[in-house]
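First residue of the sequence shown: 1, per full-length UniProt numbering; consecutive thereafter. Notes to accompany the following structure.
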Amino acid sequence: MDSIQEMDNSSISQDGVASHAPSSSSSTASRYENQKRRDWNTFMQYLKNHRPPLALSWCSGAHVLEFLRYLDRFGKTKVHTPICPFYGYPNPPAPCPCPFRQAWGSLDALIGRLRAAFEENGGKPEANPFGTRAVRLYLLEVRDLQSKARGISYEKKKRKRPSSAHQQTPSLPLPPPRPPPPGAC
Ligand SMILES: [Zn+2]
Numbered sequence: 001m002d003s004i005q006e007m008d009n010s011s012i013s014q015d016g017v018a019s020h021a022p023s024s025s026s027s028t029a030s031r032y033e034n035q036k037r038r039d040w041n042t043f044m045q046y047l048k049n050h051r052p053p054l055a056l057s058w059c060s061g062a063h064v065l066e067f068l069r070y071l072d073r074f075g076k077t078k079v080h081t082p083i084c085p086f087y088g089y090p091n092p093p094a095p096c097p098c099p100f101r102q103a104w105g106s107l108d109a110l111i112g113r114l115r116a117a118f119e120e121n122g123g124k125p126e127a128n129p130f131g132t133r134a135v136r137l138y139l140l141e142v143r144d145l146q147s148k149a150r151g152i153s154y155e156k157k158k159r160k161r162p163s164s165a166h167q168q169t170p171s172l173p174l175p176p177p178r179p180p181p182p183g184a185c
């Protein structure tokens, strides 16, 4: 029993992005809005620090890709290169020198938020650099690369599994009801 629980815990902690448990649905919308505002500010800051300086109106899909590659510096998802012995293993048994990247899921969600923010801040949909073909293709490429490197098949993940193995979670026995303390009534 103990070993099963340990395995479950380790797989949850190494799952990265998916490990954030969603809280109550009422706060989801405002959390999304806050995250969108933060992402937009990050991007504006990036443009401000850009050398040579870059105005939003000059921003193209190529600049968005540059921004995404810059974010990889802060990534926490290990993406194995094809020559790594752990290529394709989601939970490698030892460290390796492969680079950390932003997980595809994070980038995909980020682009969605920035795309919305661009139009909310007065940008024209047809000039939206986050909706360009180059960005879409880049995200597909990252998804493909990461699914191969980590051994995750996104096609399989979408299918529903008929197995009910995970539903049989052992329920902890409830503590017996406490007797009322003497003199409570
Ligand atoms: Zn590796």
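Idealized CB from N, CA, C, for every residue including glycine. Quick caveat: nothing in here was measured; it's all calculated off a predicted structure.
Item	Value
Look at the Cβ atom of Leu65, then the Cβ atom of Tyr138, and state whether they are nearer than 8 Å.	yes
Kindly indicate the opening and closing residues of the alpha helix (DSSP H) around Gln35.	28 to 49
Taking only the alpha-carbon atoms, compute the straight-line gap between Lys124 and Gly105 and give it to the nearest angstrom.	26 Å
On the DSSP bridge assignment, give the partners of Arg101 in chain order.	Thr77
Taking contact to mean 3 or more Cβ pairs, one atom from each stretch, closer than 8 Å, check whether the region 100 to 115 and the region 135 to 149 are in contact.	yes
Are the beta-carbon atoms belonging to Phe74 and Tyr46 less than 8 Å from one another?	no
Go through its chain and collect everything with a Cβ distance to His166's Cβ below 8 Å, but skip five positions before and after it.	Low confidence applies here, because His166 scores a pLDDT of 44, under 50, leaving its location unreliable; read the following figure in that light. Taken in chain order, the list of residues that qualify is empty.
Can His80 be considered in contact with ligand 1, in the sense that its beta carbon sits closer than 7 Å to one or more heavy atoms?	yes
Report the residue from Ala116, Thr77, Trp58, Asp72 whose alpha carbon sits nearest the alpha carbon of Glu33.	Ala116
For the alpha helix (DSSP H) containing Phe67, name the first residue and the last one.	61 to 71
Can you determine whether any heavy atom of ligand 1 sits closer than 7 Å to the C-beta of Phe100, and answer yes or no?	no
Check whether the region 118 to 137 and the region 92 to 102 are in contact - that is, three or more C-beta pairs closer than 8 Å.	no
Please report the Cβ distance between Lys148 and Gly88, rounded to the nearest whole angstrom; I am assuming they are in contact, meaning their Cβ atoms lie under 8 Å.	7 Å
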